Amino acid sequence: MEIIEKDKKYDVVIVGSGAGGGMATKILTDSGLNVALMEAGPFFDPANPDQQLHLKWPYESPRRGKGSTRAFGEFHASYGDWEVDGEPYEMKGDTKFNWWRSRMLGGRTNHWGRISLRFGPNDFKRGSIDGLGDEWPISYDDVKPYYDKVDKLIGVTGTKENIYNEPDGFFLPPAKPRLHELYYKKGAEKAGVKVIPSRLSIVTKRINNERGVCYYCGNCGRSCGVYADFSASSCLVFPAQRNAQGRLDLYVNSMVRKVSIDKNGKPDGIVYINKDDNKEYKINAKVVVLAASACESARILLNSKSTYHENGLGNSSNLVGKYLHDSTGNNNMAFIPDLMNRKTYNEDGMGNMHLYTPWWLDNKNLDFPRGYHIEIGGGLGAPMYGFGFDFNSLNKFFGIEVGGYGDRVREEVKKYYGSTIFFAGRGESVPNKDNYCEIDPEKKDKYGIPVLRFNYKWSDHERKQAKHMNETVEKIVHNIGGHMLWKNEGPDHGLINPGGIIHEVGTTRMGNDPKTSVVNEYEQLHDAKNVFIVDGGPFVSQADKNPTWTIMALSWRTSEYIIDELKKQNI
67 MEIIEKDKKY DVVIVGSGAG GGMATKILTD SGLNVALMEA GPFFDPANPD QQLHLKWPYE
127 SPRRGKGSTR AFGEFHASYG DWEVDGEPYE MKGDTKFNWW RSRMLGGRTN HWGRISLRFG
187 PNDFKRGSID GLGDEWPISY DDVKPYYDKV DKLIGVTGTK ENIYNEPDGF FLPPAKPRLH
247 ELYYKKGAEK AGVKVIPSRL SIVTKRINNE RGVCYYCGNC GRSCGVYADF SASSCLVFPA
307 QRNAQGRLDL YVNSMVRKVS IDKNGKPDGI VYINKDDNKE YKINAKVVVL AASACESARI
367 LLNSKSTYHE NGLGNSSNLV GKYLHDSTGN NNMAFIPDLM NRKTYNEDGM GNMHLYTPWW
427 LDNKNLDFPR GYHIEIGGGL GAPMYGFGFD FNSLNKFFGI EVGGYGDRVR EEVKKYYGST
487 IFFAGRGESV PNKDNYCEID PEKKDKYGIP VLRFNYKWSD HERKQAKHMN ETVEKIVHNI
547 GGHMLWKNEG PDHGLINPGG IIHEVGTTRM GNDPKTSVVN EYEQLHDAKN VFIVDGGPFV
607 SQADKNPTWT IMALSWRTSE YIIDELKKQN I
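Residue numbers (this note's numbering): 67 to 637.
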């Protein structure tokens, strides 16, 4: 296929518009650089009436909101899924890996839970604490100034708690707990489990003139039409466009194939397929920033082969794609009889939990090495088909007939409405070199790009952690007189498939030694000084926390380094 070369040369080309790419776009354009931002999916603005998803009622959908093509429902803000038409991926042996691709401006930040947690001091040195894996080449103190900047720029709710490994930040007022959350707090504290107000990137107090304040519609998973929740597009890319004065060009529906290499072996831009005309183009740039997601960025590097980089760009260590790891996770649900026959009132609140449990124990006293946190759900949200269960089945706890129809069933739905609590344990897995993604030797996607093949297995570390998650939830439920609705049995104790929590990291790990890592402490390829990676790929370890806040803090740090190195003409 002929590659059509664009005339304009940019200072920086950024691949991916999510958390890391969005942050790099804002910081680099604000500094005066000319930037091209590549996005594999379409333009998306949650405030555009033609694209707006929040404030839609279930009856506006023929399926009452249940998705026919979207895994999390018809109103869920993601133009992507576990399976994307024409973009397959393969698995090795008995691997079961789920890879979420969010093909849209802003990426996964349009539909994530907005749980915005800093990594703590211990999270950067797990290798020396438990002897498993490696330490990061940077510390919490190196990243703290950028966490502070992210807090102030984007906004995060919370309270000062003075928990060493759950660092405090600059917080907006948290939302008041709802009834089911107060019940959870009661049961958890009786079990010795810590509960604090959630740290969510949702604006509860005005921070600028461009973004509105949360008015508790509970639709954060649909992306906010007044920009009160954080999405990379509304909070980073759009402001960058306003300030750039023509220095930022946005290329949507543009699937990047590889990093291009000049005749001297130096990266000089990227090659992409325009999905609208199916032609191949080249963008020239001094600096390439990959932020396509940990696995997609690894795929681009591995497909960027040349006579100078026969094993793929940045892969002299043979570690691109290795040490892939996702958060652990399992789910539980319980029926709480005390919450039956509730008075019905508007209890929507923010689109995630108002209370949260950080890791509260010392792993030295346990039979697994890494911790987890607990997320909860429940309350009186708008019922939607496909996002609940058969409430009538709760009759079994009272020896009453299950099933039927008519007035009795309608009354039972009202009786049980809001009487269940959902529990999500989300934890840290131990990085393992044998968990990886690689290029499949045969299969290509519909654009002719070789696809990824995954090899991944949970270890006993993760299984024992999941067992502990279940036991903790059972204690909490018992303390408030509840009944578990299912048991996570079997050898994996309900562990969700790797990739299923959508927190995959580690494929281009950070380190000081080029033989044992892919990028340095500034997320710069050891093998190519003008290529940087600002998604979750450089993570040495995951922590028991969601990665988004750390991705953005590191991206900001890397962007400042790029600006400085360009000024010095080092790249």
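In this text, a Cβ means the ideal position worked out from N, Cα and C, and glycines have one as well.
The model shown is predicted, which means the values in this text are computed figures rather than measured ones.
Starting from residue i, trace the alpha helix (DSSP H) both ways and give me its first and last residue.
{"i": "Phe647", "result": "As shown, the chain starts at 67 and ends at 637. That puts residue 647 outside it, with no answer to give."}
{"i": "Leu518", "result": "Looking at the DSSP string, Leu518 is not in any alpha helix (DSSP H); the run it does join, the beta strand (DSSP E), is Pro516 to Asn521."}
{"i": "Ile93", "result": "Ala85 to Asp96"}
{"i": "Val475", "result": "Asp473 to Tyr482"}
{"i": "Asp196", "result": "Arg192 to Asp196"}
{"i": "Glu587", "result": "Premise fails: Glu587 is in no alpha helix (DSSP H) and is neither H nor E."}
{"i": "Thr616", "result": "Thr614 to Lys633"}
Take residue i and list the residues in its own chain whose beta-carbon comes closer than 6 Å to its own, dropping the five residues that flank it on each side.
{"i": "Glu71", "result": "Lys348"}
{"i": "Leu367", "result": "Gly378, Leu379, Gly380 and Val386"}
{"i": "Asn398", "result": "Phe489 and Val539"}
{"i": "Ser194", "result": "Glu201"}
{"i": "Thr270", "result": "Thr223, Leu238, Pro239 and Cys280"}
{"i": "Ser359", "result": "Asp601"}
{"i": "Lys226", "result": "Asp234"}
{"i": "Lys162", "result": "Asn563"}
{"i": "Glu105", "result": "Ser83, Leu171 and Val318"}
{"i": "Tyr588", "result": "Thr624 and Tyr627"}
{"i": "Lys430", "result": "none"}
Less than 7 Å between the C-beta atoms of residue i and residue j, yes or no?
{"i": "Val597", "j": "Leu591", "result": "yes"}
{"i": "Leu551", "j": "Trp524", "result": "no"}
{"i": "Phe463", "j": "Tyr482", "result": "no"}
{"i": "His120", "j": "Arg288", "result": "yes"}
{"i": "Ala241", "j": "His420", "result": "yes"}
{"i": "Ala137", "j": "Asn176", "result": "no"}
{"i": "Val261", "j": "Thr423", "result": "yes"}
{"i": "Glu528", "j": "Thr394", "result": "yes"}
{"i": "Gly86", "j": "Ser495", "result": "no"}
{"i": "Thr573", "j": "Ala364", "result": "yes"}
{"i": "Gly88", "j": "Ala310", "result": "no"}
{"i": "Gly291", "j": "Gln118", "result": "yes"}
{"i": "Gly565", "j": "Asn164", "result": "yes"}
{"i": "His246", "j": "Gly445", "result": "yes"}
{"i": "Ile339", "j": "Ser372", "result": "no"}
Sorted by chain position, which residues of the same chain lie with C-beta nearer than 7 Å to residue i's C-beta, five sequence neighbours on each side aside?
{"i": "Trp615", "result": "Ser182, Leu183, Arg184, Tyr213 and Val216"}
{"i": "Gly415", "result": "Ala241, Arg244, Tyr282 and Gly284"}
{"i": "Asn418", "result": "Gly179, Arg180, Ile181, Ser264, Leu266 and Cys286"}
{"i": "Lys92", "result": "Leu302, Pro305 and Ala306"}
Near residue i, which residues of its chain fall below 8 Å by C-beta distance, leaving aside the five closest residues on each side in sequence?
{"i": "Glu537", "result": "none"}
{"i": "Pro154", "result": "Lys509, Asp511 and Val517"}
{"i": "Ala351", "result": "Lys75, Tyr76, Asp77, Val78, Val79, Ala102, Asp334, Gly335 and Ile336"}
Considering Cα atoms alone, identify which of the options is closest to residue i.
{"i": "Pro497", "options": "Asp189, Val261 and Asn274", "result": "Asp189"}
{"i": "Gly107", "options": "Gly82, Asn501, Trp202 and Met157", "result": "Gly82"}
{"i": "Trp425", "options": "Glu477, Ala609 and Met89", "result": "Ala609"}
{"i": "Tyr374", "options": "Ile629, Ala594, Glu105 and Gly88", "result": "Ala594"}
{"i": "Tyr513", "options": "Asp428, Asp343, Asp111 and Ser363", "result": "Asp343"}
{"i": "Asn554", "options": "Glu570, Lys530 and Asn545", "result": "Lys530"}
{"i": "His569", "options": "Tyr588, Pro604 and Met535", "result": "Pro604"}
{"i": "Asp208", "options": "Asp77, Asn501, Ala619 and Ile637", "result": "Ala619"}
{"i": "Ile505", "options": "Lys388, Pro580 and Pro112", "result": "Lys388"}
{"i": "Glu478", "options": "Phe520, Thr394, Asp526 and Pro403", "result": "Pro403"}
{"i": "Thr410", "options": "His391, Gly437 and Ala448", "result": "Ala448"}
{"i": "Gly556", "options": "Asp73, Ser297, Gly465 and Asp526", "result": "Asp526"}
{"i": "Asn578", "options": "Val259, Ser383, Lys251 and Met321", "result": "Ser383"}
{"i": "Asn407", "options": "Glu346, Arg476, Lys634 and Asp315", "result": "Arg476"}
{"i": "Asn100", "options": "Lys191, Arg313, Lys256 and Lys122", "result": "Arg313"}
Starting from residue i, trace the beta strand (DSSP E) both ways and give me its first and last residue.
{"i": "Lys215", "result": "That residue, Lys215, is in no beta strand (DSSP E); its alpha helix (DSSP H) goes Tyr206 to Ile220."}
{"i": "Met576", "result": "Met576 -> no beta strand (DSSP E), and no H or E assigned at all."}
{"i": "Ile546", "result": "From DSSP, Ile546 is part of no beta strand (DSSP E); its letter is neither H nor E."}
{"i": "Cys361", "result": "Not the beta strand (DSSP E): Cys361 falls in the alpha helix (DSSP H), residues Ala360 to Leu368."}
{"i": "Tyr438", "result": "Tyr438 to Gly444"}
{"i": "Arg492", "result": "Thr486 to Gly493"}
{"i": "Arg323", "result": "Ser320 to Ile327"}
{"i": "Gly335", "result": "Pro333 to Asn340"}
{"i": "Glu247", "result": "It is not in any beta strand (DSSP E) - Glu247 instead sits in the alpha helix (DSSP H) that spans Leu245 to Lys256."}
{"i": "Val606", "result": "Neither: Val606 is in no beta strand (DSSP E) and is coded neither H nor E."}
{"i": "Pro240", "result": "Note, Pro240: premise wrong, no beta strand (DSSP E); not H, not E."}
{"i": "Gly395", "result": "Thr394 to Phe401"}
{"i": "Phe598", "result": "Val597 to Ile599"}
Check the Cβ-Cβ distances between residue i and every residue of chain C, and say whether any is below 7 Å.
{"i": "Gly186", "result": "No chain C is present in this structure, which holds just one protein chain."}
For residue i and residue j, which I take to be in contact (beta-carbon distance under 8 Å), what is that distance rounded to the nearest angstrom?
{"i": "Ile567", "j": "Arg492", "result": "6 Å"}
{"i": "Ile220", "j": "Ser168", "result": "Actually they do not touch by this definition, with Cβ atoms about 19 Å apart."}
{"i": "His559", "j": "Lys541", "result": "With 8 Å as the limit, His559 and Lys541 do not qualify as a contact, their Cβ atoms being about 15 Å apart."}
{"i": "Lys218", "j": "Phe236", "result": "5 Å"}
{"i": "Ile617", "j": "Val353", "result": "The pair is not a contact, with the Cβ atoms about 19 Å apart (cut-off 8 Å)."}
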